[in-house]
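This report concerns only the one structure given below.
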């Protein structure tokens, strides 16, 4: 059985070779972990979970792809600008409480209303969900940004 790592240029480092089994399993596990991440995100208001835990799990799913493939391949598979996602997440996480403060309610007081959706009927809409989306995006993008910076520092 071949090893996934091989020596390069007089032992200066190791380079990952293609491992078909790891790549196939990582693609399958990626979707399972992403779905569980969304489940934790949406269950966060009633059970443990939410934006932070869901964001960490989403980042770990993407890191799994980064381990199985190289950075260029992952960027082709999932073309995401982590800096833009981080910026949007911070805008949501900081903007929603600030917006409620500007409308005269105390800072971090969340508002809710009910919206009629044709298939689902009457659905509650909370501003806390928008805040959690910001936390989700910020945590996931920050974790991926740090991992990619650490990975580039080794090269």
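In the numbering used here, the protein residues as written are 4 to 158.
The beta carbon of each residue, even a glycine, is placed where N, CA and C say it ideally should be.
Keep in mind the model is a prediction, meaning the values are calculated, not measured.
Where residue i falls, given that 16 or more other Cβ within 10 Å makes a residue buried
| i | result |
| --- | --- |
| residue 140 | buried |
| residue 128 | exposed |
| residue 77 | buried |
| residue 153 | exposed |
| residue 105 | exposed |
| residue 69 | buried |
| residue 97 | exposed |
| residue 95 | buried |
| residue 36 | buried |
Under 8 Å between C-beta atoms of residue i and residue j
| i | j | result |
| --- | --- | --- |
| residue 135 | residue 41 | no |
| residue 58 | residue 47 | no |
| residue 142 | residue 54 | yes |
| residue 133 | residue 85 | no |
| residue 60 | residue 39 | yes |
| residue 151 | residue 30 | no |
| residue 131 | residue 92 | no |
| residue 137 | residue 83 | no |
Supposed contact pair residue j and residue i - C-beta distance, whole angstroms, cut 8 Å
| i | j | result |
| --- | --- | --- |
| residue 118 | residue 67 | Contact flag wrong, Cβ pair sits at about 36 Å. |
Cβ shell of residue i (< 8 Å), same chain only, five flanking positions each side left out
| i | result |
| --- | --- |
| residue 26 | 71 and 72 |
| residue 101 | 110 |
| residue 89 | 140, 141, 144, 145 and 148 |
Beta carbon proximity, residue i to chain D, threshold 8 Å
| i | result |
| --- | --- |
| residue 68 | Absent here is chain D; the protein component of the structure consists of one chain. |
Residues near residue i in its chain [Cβ-Cβ closer than 6 Å; skip 5 each side]
| i | result |
| --- | --- |
| residue 116 | 128 |
| residue 62 | 143, 146 and 147 |
For the segment 49-108, list the alpha helix (DSSP H) runs that are entirely contained and at least 4 residues long, ordered along the chain. 54-71, 74-80 and 85-105
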